[in-house]
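Chains as they are written, first to last, in this note's numbering: chain A, 50 to 639; chain B, 29 to 218.
Note that beta-carbon positions come from the ideal geometry of N, C-alpha and C, so glycine has one too.
Computed from a prediction, not measured in an experiment: that's the story for all the values here.
What follows is a set of notes on a single structure, which appears directly below.
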Amino acid sequence: MSEARQMTGAEMVIRALVDNGVDTIFGYPGGAVLPIYDEIFQQEELAHILVRHEQGAGHAAEGYARSTGKPGVLLVTSGPGATNAVTPLQDALMDSVPIIAISGQVPTPLIGSDAFQEADTVGITRPCTKHNWLVRSVDELPGILHEAFYVAMSGRPGPVLIDIPKDVQFATGTYFPPSEFTHKSYMPKTAGDLDRIAEAIELMAGAERPILYTGGGVINSGREACGLLRELVEITGFPITSTLMGLGAYPASGDNWIGMLGMHGTYEANMAMHDCDVMVCIGARFDDRITGRIDAFSPGSKKIHVDIDASSINKNVRVDVPIIGDVGNVLEDMVRLWRARPEKPKPARLKPWWGQIDNWRARDSLAYKPSKDVIMPQYAIERLYELTKDRDTYITTEVGQHQMWAAQFYHFEEPNRWMTSGGLGTMGYGLPAAFGVQMAHPDALVIDIAGDASVLMTIQEMSSAVQYNAPIKIFILNNQYMGMVRQWQQLLHGNRISHSYTEALPDFVKLAEAYGCVGIRAEKPRELDDAIEEMITVDRPVIFDCRVANLANCFPMIPSGKAHNEMLLADEATDEAVATAIDEKGRELV
Amino acid sequence: MNAHKQATGSAYFIVKETESPRTHVLSILVDNKPGVLARVIGLFSGRGYNIESLTVSETSHEKHLSRITVVSSGTMHVLEQIKKQLERMVPVHRVIDLTLMAEERGHGRPLERELALVKVSGTGNDRVEALRLADAFRAQVIDANTEHFIFEITGRVSKIEQFIAIMEPLGLVEVCRTGVAAMNRGPEGM
């Protein structure tokens, strides 16, 4: 494999991307990346997708990566090109999405001179990448390119950035393929400690009120890991809940599924988390949206935590059995050890626990008051789900109430079908992410469940969708508010609705037409099904303006300063309950 | 403006730290490449960890490895987090909590030394006293004229602090300290 070849830095970039299995990149040209764009023009192995803003390239690459399990690649120019990519890089860091960002930089001799479109890109992106590199000479370039893929994909996946000065792109050097690259320092542990796993199995076998709490790590670990998770649920009979990021790893139609947990999770999931005696956390990180009040979090349970990132363990919540390793590997051991037990725990011992869970489930925490006159946002998503569930569907979202409703009312059967900005909470994520998903799955139905405020943050990417005939469907739950901001203002700030109402929204149907795509509007519940059908049938990008009840709020909810067993439910959320949901102590929190 | 003074709430849950902080010495072996120190320091500032002392120098020229010694303080929980966060950085080869290791091995504390240059100016009795005390502290005179001394002193942090405090009334002009260099007792390396 030693077909070492002389080529320019720009050629090396293309060669290395192709050699690492990349066939699609998202980008935007500019002065400092022109040599690379010149190479892109002269080859056919790599498809370049032109976006309208570098943030769009980043989120598109995230959507591409999360729906395929492959790394997403973006190419941007120096200065503003790179700074515009900062938001998606941080987004990918928090949600563990493998992203390779390549940025142009001013020529090496000009670095530090405040040259045109110069920015300290590695300095700016250092805290929002797993690692980044400023390439100082063309001789370093092939090694760094291959290392970038290695770092982005191994351990807990994440974004990396390679900053390549223009003179390095022009310079000629010797390229070598990925097979000749070896890494010295970064070697994450992937196999879990067997003694610990045995200890975990022992705890699980003795549990009377167990729960599996799973997260995005299962999906990142791959399809096989999701299969093993399903097997573990099957053989143990444990109830399973998941974080926002982990939806789809276990099917929502599965017998043991008790819904999403956390701030807007189901009553049964949160109550079960609070009252369990053994908690098995797999590929999740005890985020503050999950735990609620941390000193009242699941007080009586033994906690097992499986994570590939050692720094996630004991970060927020102390656990009893930490297992550092790849979720897939650990699940394989868990399933094997459980099956190998001479005496299988009797399923009947979980009966009282399931009885309790069924009681909580009977509380029907996602219930909402239906309406014949206005479209309730929950109803809109229920209908969208019913009309699209039998298709090859991928869902992305923006951030806010619509995102939580989507998580509650759209049900996922498979992994990699649900793309949302969990950790960073990036408004404007969903539209470009949907575009990225569609580029990876041209024949699939890709829907961005959006809010009217979020969608305007990256609406320009509709132009990209039109250019590439990407028939993405932007399903806007339009309530004219930044609904989640308003909900918090109602809860925490004496109903003073400060700047969370958008007084001058565009006419989304006309906006769609202006972009050259299709605009559809639904205002009444009776129009909804037909309008959704039309959206699905149209083989072009669609902006769907779904006018929903303006003041609907998202429940259930764990208010600030409260524990899992102190949820606020929709039917209890009277104006008074909302106003007093957070007591003095909760208000004291910074 | 805000007539009804209603306390505001938060979207976050904050639990007050009750554990008392400890001071630990960490040794970090890293690739000696541009930006690595910035990365390590950035981790501390970005996550709100303390740096009380920091020294760095290349210690293996063939392998281009640098050894960073950081003195940090925090609860045991925070110190564990610092170690784990450092360990997952790409250019970091090894992280040792020297304080923890010394305790585990029954050595008490790791060996810690710091060097300081201390400039003192004065005449008459103060000058005599400064020289006498420097002798008692085994500080060496590395520069002097009729109006000043520069002392070089090596030792544990507490000794250096004490020496500087004593020199203060005797005409202390400026101090330069290296920060702590540290390793553990016994034959084992890091």
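Taking the alpha carbon of residue i as the point to measure from, which residue in the options has its own alpha carbon closest?
i: residue 251 of chain A; options: A:274, A:359 and A:390; result: A:390
i: residue 125 of chain A; options: A:110, A:119, A:508 and A:399; result: A:110
i: residue 349 of chain A; options: A:259, A:90, A:607 and A:563; result: A:259
i: residue 146 of chain B; options: B:88, B:90 and B:200; result: B:200
i: residue 77 of chain A; options: A:557, A:104, A:181 and A:283; result: A:104
i: residue 441 of chain A; options: A:475, A:454, A:418 and A:490; result: A:490
i: residue 384 of chain A; options: A:273, A:277, A:119 and A:168; result: A:277
i: residue 58 of chain A; options: A:194, A:272 and A:165; result: A:194
i: residue 179 of chain A; options: A:557, A:202, A:189 and A:370; result: A:202
i: residue 640 of chain A; options: A:412, A:519, A:540 and A:354; result: This structure gives no information on residue 640 of chain A, because the portion of chain A shown stretches from 50 to 639.
i: residue 158 of chain A; options: A:213, A:199 and A:304; result: A:213
i: residue 361 of chain A; options: A:143, A:324, A:161 and A:274; result: A:143
i: residue 81 of chain A; options: A:93, A:92 and A:215; result: A:215
Please check if any C-beta of chain A sits within less than 8 Å of the C-beta of residue i.
i: residue 40 of chain B; result: yes
i: residue 70 of chain B; result: yes
i: residue 31 of chain B; result: Residue placement at residue 31 of chain B cannot be trusted, given a pLDDT of 38 that sits under 50; what the coordinates show is reported in the next sentence. With 8 Å as the cut-off, residue 31 of chain B does not count as an interface residue toward chain A.
i: residue 36 of chain B; result: Confidence is the limiting factor: at residue 36 of chain B the pLDDT is only 44, short of 50, which leaves the residue's position unreliable, though a coordinate-based value still follows. Judged by the 8 Å Cβ criterion, residue 36 of chain B is in contact with chain A.
i: residue 90 of chain B; result: no
Since residue i and residue j are thought to touch, with beta carbons under 8 Å apart, how far apart are those beta carbons, to the nearest angstrom?
i: residue 424 of chain A; j: residue 567 of chain A; result: The Cβ separation is near 19 Å, so there is no contact.
i: residue 47 of chain B; j: residue 105 of chain B; result: 7 Å
i: residue 460 of chain A; j: residue 302 of chain A; result: 7 Å
i: residue 58 of chain B; j: residue 94 of chain B; result: 5 Å
i: residue 611 of chain A; j: residue 175 of chain A; result: That belief does not hold up - the Cβ atoms of residue 611 of chain A and residue 175 of chain A are roughly 37 Å apart, past 8 Å.
i: residue 68 of chain B; j: residue 142 of chain B; result: At roughly 20 Å, the Cβ-Cβ gap does not stay under 8 Å, so residue 68 of chain B and residue 142 of chain B are not in contact.
i: residue 373 of chain A; j: residue 356 of chain A; result: 7 Å
i: residue 565 of chain A; j: residue 500 of chain A; result: Not quite, the Cβ-Cβ distance comes to about 23 Å (not below 8 Å), so this is no contact.
i: residue 486 of chain A; j: residue 116 of chain A; result: 4 Å
i: residue 148 of chain B; j: residue 195 of chain B; result: 5 Å
i: residue 97 of chain B; j: residue 64 of chain B; result: Not quite, the Cβ-Cβ distance comes to about 14 Å (not below 8 Å), so this is no contact.
i: residue 221 of chain A; j: residue 187 of chain A; result: 7 Å
i: residue 498 of chain A; j: residue 444 of chain A; result: 6 Å
Cβ closer than 7 Å: which chain B residues qualify as neighbours of residue i?
i: residue 235 of chain A; result: 118
i: residue 726 of chain A; result: Look at the range of chain A in this structure, 50 to 639, and you will see that residue 726 of chain A is not part of it.
Using beta carbons (cut-off 8 Å, strictly below), is residue i in contact with chain B?
i: residue 176 of chain A; result: yes
i: residue 352 of chain A; result: no
i: residue 588 of chain A; result: no
i: residue 238 of chain A; result: no
i: residue 180 of chain A; result: yes
i: residue 638 of chain A; result: Its pLDDT being 46, under 50, residue 638 of chain A is placed unreliably by the model, and nothing is read from it.
i: residue 51 of chain A; result: Confidence at residue 51 of chain A is low in this model, with a pLDDT of 45, below 50, so its placement is unreliable and the value that follows should be read with caution. Cβ-Cβ to chain B under 8 Å: no for residue 51 of chain A.
Anything in chain A within Cβ reach of residue i, meaning under 7 Å, just list it in chain order.
i: residue 121 of chain B; result: 234
i: residue 109 of chain B; result: 360 and 364
i: residue 246 of chain B; result: Outside the displayed range of chain B (29 to 218) lies residue 246 of chain B, so it cannot be described from this structure.
Strictly by DSSP, which residues pair up with residue i?
i: residue 204 of chain B; result: B:145
i: residue 306 of chain A; result: A:289
i: residue 87 of chain A; result: Answer is none; residue 87 of chain A lacks a bridge partner.
i: residue 184 of chain A; result: Answer is none; residue 184 of chain A lacks a bridge partner.
i: residue 90 of chain B; result: Bridge partners of residue 90 of chain B: none, in fact.
i: residue 571 of chain A; result: A:595
i: residue 211 of chain B; result: B:139
i: residue 125 of chain B; result: B:54
i: residue 102 of chain B; result: B:50
i: residue 467 of chain A; result: A:444
i: residue 172 of chain B; result: B:177
i: residue 55 of chain A; result: A:223
Using the beta-carbon of each residue, which ones in chain B are nearer than 9 Å to residue i?
i: residue 358 of chain A; result: 112 and 116
So which residues on chain B does residue i lean against when the C-beta distance must stay under 8 Å?
i: residue 323 of chain A; result: Correct list: empty, because the minimum Cβ distance to chain B is about 14 Å.
i: residue 171 of chain A; result: 63
So which residues on chain A does residue i lean against when the C-beta distance must stay under 8 Å?
i: residue 76 of chain B; result: Result: empty, since nearest Cβ-Cβ is about 13 Å, beyond 8 Å.
i: residue 67 of chain B; result: 175
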